[in-house]
Each structure stands twice: as structure tokens, then as C-alpha cells.
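Notes to accompany the following structure.
Chains as they are written, first to last, in this note's numbering: chain A, 1 to 216; chain B, 1 to 216.
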């Protein structure tokens with residue numbers, strides 16, 4: 001904890017919670033809320049006031065005793081920590097239904113990334129539009145990356161294809177993976193940053209919760 | 001911890017990890033692995049052997065000193081805890097691109113749910129096929145639920161629409177929400193089970209990780 005307060009080591013669990021803080025504070029700003037206590041914020045976060053204070057202390061605090069947090073200031077500070085204002089160029093791999101849905105659902109530009117290219121190996125998909133980008137053939141990957149220097153990839157292909165493509169992506173300078181496949185990039189290539197979205201895992205958690213729910 | 005060992009209280013964090021155990025053990029089974037040590041399993045889980053033992057002890061342990069875990073047995077036990085063999089009837093709300101993608105990407109039947117109906121309010125979507133189901137008009141929700149008794153809903157509509165529809169879903173007996181909207185069901189209706197998938201949050205975590213990555 002001491003180290004965390006100096007900003008050196010922040011646990012992945014705290015980092016995983018930051019986007020939720022950012023989202024909730026953004027909602028509050030949209031509703032004209034100017035300040036919030038750690039207790040109120042805890043209620044939105046489904047946590048305790050003490051956890052909220054501990055989380056935010058990792059970054060040097062921002063609250064004032066007896067006042068709480070200024071919503072806009074805290075939103076701005078957390079946004080800065082998350083790096084949402086600096087747009088890392090990213091490519092999307094796999095322009096199927098999943099790729100289109102992800103690209104359309106999630107506004108990357110407000111979340112720290114700028115989509116500069118989309119790729120697929122299926123000749124039928126090449127040339128199609130994906131959020132305004134023309135889908136390129138995967139054979140163009142190296143030439144494109146040499147010119148545009150993307151640093152992150154949104155991976156919307158199945159695990160075996162992702163594994164097959166992974167060495168090329170790494171060689172192209174990709175260091176961050178938003179990964180919807182079953183392949184574990186960070187395990188194979190230590191040092192890269194990866195966030196894995198396992199949709200199937202989350203619905204199994206719901207299965208547990210539904211089946212172990214206490215009837216009211 | 002003591003309580004957890006008796007199976008009374010299991011922390012949400014452990015529950016959130018169970019699907020990953022289940023997935024990894026399933027992969028290992030597929031590759032013919034018969035037994036695994038907690039250290040090897042920890043490596044797959046990106047955790048420590050001690051954490052693995054602690055997690056699995058919440059459910060009474062299953063390992064044997066000096067042998068480790070039998071992969072198939074542990075897979076079966078965790079599957080049973082998650083309730084994947086008991087299929088809770090579920091409906092999907094919102095048959096747009098997101099709804100179709102989710103329904104096609106994730107095999108609910110191997111994860112504790114059986115999709116029995118799909119709904120949309122858009123007349124153009126009504127009657128279309130979604131993983132073999134004919135999309136129904138949302139006006140039929142109550143009559144359908146009275147007949148088929150779904151207990152869970154996959155929510156693929158925007159937050160404001162989800163909020164508007166929420167009281168009807170609750171009144172229809174839905175107690176579990178796999179929620180892709182920004183509306184917080186569990187906050188409004190305490191006692192329901194909800195797993196929220198905020199795709200935007202996970203890519204912001206990647207933004208942090210990419211921007212704070214130490215160059216090797």
C-alpha cells in the first residue's frame with residue numbers, strides 16, 4: 001500500500017475499477033452533480049466508503065475532509081490516469097459480426113484509442129466498411145503497420161487464428177491487446193498488455209448467482 | 001474464510017474466477033491432461049499456487065497432497081458449483097447487432113442457460129430469426145413469460161430502454177440479468193442477480209496498461 005501511494009505499484013484490481021469510477025463520475029457530471037462524498041460514491045460503486053478512499057489514495061487522494069470529491073475534478077484526474085486523452089493507434093483484426101459489433105458499440109476515441117485499420121483474411125470481407133474504415137486483407141498487415149505504427153489490436157477472431165497471427169502482430173509492434181479470443185497473448189508474450197474479454201465466463205458467473213440466489 | 005469453507009459465504013471474487021478455472025480445466029481435458037498440480041494450475045490462472053488452493057478450499061478442496069488435482073473431477077465439481085448442468089430458461093431482449101452477436105458467440109446451453117425467447121420493439125426485427133428463435137414483439141412479453149417462465153434475461157438494449165423495461169421484466173419473474181446495458185438492475189431491484197458487461201470499461205483498462213507499460 002505504501003508503494004501504491006507513491007504511485008509506483010497499483011494493483012490490477014484497483015486499475016480494473018478505475019473505468020467504473022470514470023463512467024459513474026461522467027454520469028454524475030451529466031446530471032449536474034458537483035460534489036460527492038465517498039459514502040455516496042461507494043453506493044454507486046457497490047463498495048464501501050473506506051474502499052473508495054483507499055482506491056483513490058493510490059493516486060494521491062483528491063478528496064477533502066468534510067467536502068468529499070469534486071465530481072468534475074475527480075473525473076478529469078481518473079481520465080488522465082487511464083490515459084483516455086492520449087489516443088493510441090489501434091487496429092481491429094477480424095471484421096466478422098463480432099468485430100463489427102464491438103467497433104460499433106464501443107467508442108474507442110473516448111477511451112484512449114484511435115482505430116486506424118481493420119483486417120480480415122476472408123476475401124468477401126475485404127473492402128467492406130467497418131466504422132468508416134475499409135477492411136484490408138491480412139496480407140497487408142506488415143506494410144500497413146510499418147506506415148501507421150499501431151500499438152494496440154482489437155482481436156475479434158477465434159483462438160486458433162489468434163495464436164497463428166500472434167507472432168506477426170508482435171513483430172509489427174503491437175504491445176496492447178483487447179482480446180475477444182481464447183488465446184492468451186500475455187502468457188505467450190510476457191511484457192505485452194492484454195485485457196481478455198471472455199463473454200462466456202461472465203454468463204457462467206450469472207448461472208452461479210441465479211442458482212444460489214436466496215428467494216426473498 | 002472459515003464460513004467460506006463450510007460453503008456458506010463465497011466471495012464474489014472467487015465466484016468470478018470459477019468460470020476461468022472451468023474453462024482452463026476443460027481445455028486441459030481436451031488435451032488429454034489427467035492431473036495437475038496447484039502450481040501448474042496457478043500458472044494457467046495467472047495466480048499463485050496458494051491462491052488456487054485457497055480458492056478451491058472454499059468449496060471443500062478437491063486436491064490430494066502430493067498428487068494435485070484430477071482434471072476431469074475438478075472440472076466436473078466446478079461445473080456443478082456453477083450450475084452449468086441445470087439450464088435456466090432465459091430470454092434475450094434487443095435483437096439488434098449486439099443481441100445477434102452475443103447469441104451467436106456464446107453457447108448458453110453449455111453455460112447454464114437455455115434461450116427460450118427473443119424480443120424487440122422494432123417491427124422490422126420482429127419475425128426475424130435469432131439463433132433459431134423467431135423474434136417476438138415486446139408487447140408479447142407478459143403472455144410469453146406466463147407460459148414459459150423464463151428466469152433470466154440477456155439485456156442487449158441501451159440503458160434508458162433497459163430502465164424503462166425493467167419493471168416489466170421483474171414483474172414477469174426475471175431474477176437474473178446478463179446485462180450489456182448501462183442500467184444497473186441489481187441497484188434498482190435488490191435481490192436480483194446481475195452480471196454487467198461493460199465493454200467500454202475493459203478497453204479503458206487496456207488504455208491504462210498500454211500507457212503505463214514498461215518498455216522492455
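Glycine residues also receive a C-beta, built at the ideal position from the N, C-alpha and C atoms. Fair warning: this is a prediction, and the values are worked out from it, not measured in the lab.
Proximity test, Cβ basis, 8 Å: residue i and chain A
i	result
residue 88 of chain B	yes
residue 208 of chain B	yes
residue 181 of chain B	no
residue 1 of chain B	Here the model assigns residue 1 of chain B a pLDDT of 32, short of 50, so the residue's position is not dependable and the matter cannot be decided.
residue 125 of chain B	no
residue 223 of chain B	Residue 223 of chain B cannot be examined here, being either before or after the span of chain B that is shown, 1 to 216.
Chain A contact residues for residue i, given Cβ-Cβ distances below 9 Å
i	result
residue 100 of chain B	97, 101
Inter-residue CB distance, residue i and residue j (contact presumed, cutoff 8 Å)
i	j	result
residue 174 of chain B	residue 153 of chain B	5 Å
residue 208 of chain A	residue 79 of chain B	With 8 Å as the limit, residue 208 of chain A and residue 79 of chain B do not qualify as a contact, their Cβ atoms being about 11 Å apart.
residue 17 of chain B	residue 210 of chain A	Residue 17 of chain B to residue 210 of chain A, Cβ: 18 Å. No contact.
residue 58 of chain A	residue 10 of chain A	5 Å
residue 71 of chain A	residue 39 of chain A	Residue 71 of chain A to residue 39 of chain A, Cβ: 14 Å. No contact.
residue 169 of chain A	residue 130 of chain A	Not a contact, Cβ separation roughly 18 Å.
residue 188 of chain B	residue 166 of chain B	6 Å
residue 135 of chain B	residue 186 of chain B	The pair is not a contact, with the Cβ atoms about 27 Å apart (cut-off 8 Å).
residue 155 of chain B	residue 177 of chain B	6 Å
residue 111 of chain B	residue 204 of chain A	5 Å
residue 116 of chain B	residue 75 of chain B	Contact doesn't hold; Cβ gap of about 27 Å is too wide.
residue 183 of chain A	residue 200 of chain A	Wrong, their Cβ atoms sit about 14 Å apart, outside the cutoff.
Residues that residue i contacts on chain A, provided the C-beta gap is smaller than 7 Å
i	result
residue 33 of chain B	Those within 7 Å of residue 33 of chain B in chain A number zero; the least Cβ separation is about 16 Å.
residue 104 of chain B	97
residue 108 of chain B	203
Residue-level contact to chain E via CB, residue i, 8 Å cutoff
i	result
residue 129 of chain B	No chain E is part of this structure, whose protein chains are labelled A and B.
Contact list for residue i against chain B, beta-carbon separation under 8 Å
i	result
residue 81 of chain A	208
residue 204 of chain A	18, 19, 22, 82, 84, 111, 112
Where residue i meets chain A, residues with beta-carbon distance less than 8 Å
i	result
residue 161 of chain B	The contacting residues do not exist; residue 161 of chain B stays about 15 Å from chain A at best.
residue 152 of chain B	206, 210
residue 175 of chain B	210, 213
Contacts of residue i in chain B (Cβ-Cβ under 7 Å)
i	result
residue 201 of chain A	19, 20, 23
Residue i at chain B interface by Cβ criterion, 8 Å
i	result
residue 141 of chain A	no
residue 76 of chain A	no
Q | Runs of beta strand (DSSP E) lying entirely within the stretch 57–103 of chain A, each at least 3 residues, in chain order | A | 88–93
Q.
Runs of 4 residues minimum, wholly inside the stretch 146–199 of chain B: which ones carry the alpha helix (DSSP H) assignment?
A. 159–171, 185–188
Q) For the stretch 11–23 of chain A, which residues have a CB atom closer than 8 Å to at least one CB atom of chain B, in sequence order? A) 15, 16, 18, 19, 20, 22, 23
Q: Taking only beta carbons into account, state which residues of the stretch 41–55 of chain A come closer than 7 Å to chain B, listed in chain order.
A: none
(Q) Beta carbons nearer than 9 Å to chain B: which residues of the stretch 185–196 of chain A have them? (A) 186, 187, 190, 191, 192, 193, 194, 195, 196
Q.
Runs of 3 residues minimum, wholly inside the stretch 101–134 of chain B: which ones carry the beta strand (DSSP E) assignment?
A. 113–120
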